[in-house]
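Trainee: When we follow my numbering, the leftmost residue of the sequence shown carries the number 2, and every step to the right adds one.
Glycine included, C-beta positions come from ideal geometry on N, C-alpha and C.
Take this structure, written in C-alpha cells, and hold onto it; I'll ask about it next.
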Amino acid sequence: MPPKRTSTSEAPTMTQAAIKKLVADSVSIALEAQAANMENTINTTRPRESPVVIQCSYKEFMSCQPIKFKGTEGAVGLIRWFERTELVFSRSKCTEDYKVKFSTGTLIEEALSWWNSFAQPIGIEEAYKIT
Numbered sequence: 002m003p004p005k006r007t008s009t010s011e012a013p014t015m016t017q018a019a020i021k022k023l024v025a026d027s028v029s030i031a032l033e034a035q036a037a038n039m040e041n042t043i044n045t046t047r048p049r050e051s052p053v054v055i056q057c058s059y060k061e062f063m064s065c066q067p068i069k070f071k072g073t074e075g076a077v078g079l080i081r082w083f084e085r086t087e088l089v090f091s092r093s094k095c096t097e098d099y100k101v102k103f104s105t106g107t108l109i110e111e112a113l114s115w116w117n118s119f120a121q122p123i124g125i126e127e128a129y130k131i132t
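Structural data, given as C-alpha cells:
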C-alpha cells in the first residue's frame, strides 16, 4: 500500500456569498441556454404567425346602435353623443383610423350640414384624419 500524501497547504475555503454567486451565475447561464434552445426549437418546428388585426366595419359599428346627433341638443346632448359614441367604438373595436369616418355617419340635419361645410374645403379624406 502506497503511503498517504499529506498537503502542506490548505485548500482555499469559499465563503457563503461566493457559493451563492457561483450558483446564481450557473443558474443564469443554464436559463439563458434553455431559452435559446427553446427559441430555436420553436423557430424550426412551426412558422411564426403574425397577429391578425381585426378591423371594425361600418356595419359592425352601426349594429352597436350609436345615437344620431342633430346639433340642436345643446351641450348636454353633445356630451351624451360623445359618451355613447366612445362606448360604441369600444364595443365594436373600432380603430383610430375609422373613428371620425364612422362617427360622422351618425350626424344628421344641422350637424351634418356643419360637417359638410367643414370637410368640403379641405377634402373628405383630410377631414377624416382629424382626431
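1. If we ignore side chains and look at the alpha-carbon of each, how far apart do residue 65 and residue 77 end up?
2. Please report how far the alpha carbon of residue 79 lies from the alpha carbon of residue 125, in whole angstroms.
3. Work out the CA separation of residue 68 and residue 109 for me, nearest whole Å.
4. Might you give, ordered along the chain, the residues of its own chain that have their beta carbon closer than 8 Å to the beta carbon of residue 70, omitting 5 neighbours on each side?
5. Which residues in the same chain as residue 74 place their Cβ atom closer than 8 Å to its Cβ, once the five residues preceding and following it in sequence are excluded?
6. On the DSSP letters alone, give me the boundaries of the alpha helix (DSSP H) that residue 122 sits inside.
Mentor: In short, the structure shows the following:
1. Between the alpha carbons of residue 65 and residue 77 lies a distance of about 21 Å.
2. In a straight line, the C-alpha of residue 79 is about 22 Å away from that of residue 125.
3. Between the C-alpha atoms of residue 109 and residue 68 there is a straight-line separation of about 10 Å.
4. For residue 70, where only same-chain residues beyond five positions count, the Cβ hits under 8 Å are 78, 79, 82, 107, 108, 109, 112.
5. Cβ neighbours of residue 74 beyond the five flanking positions: 81, 82.
6. Segment 110-123, the alpha helix (DSSP H) holding residue 122.
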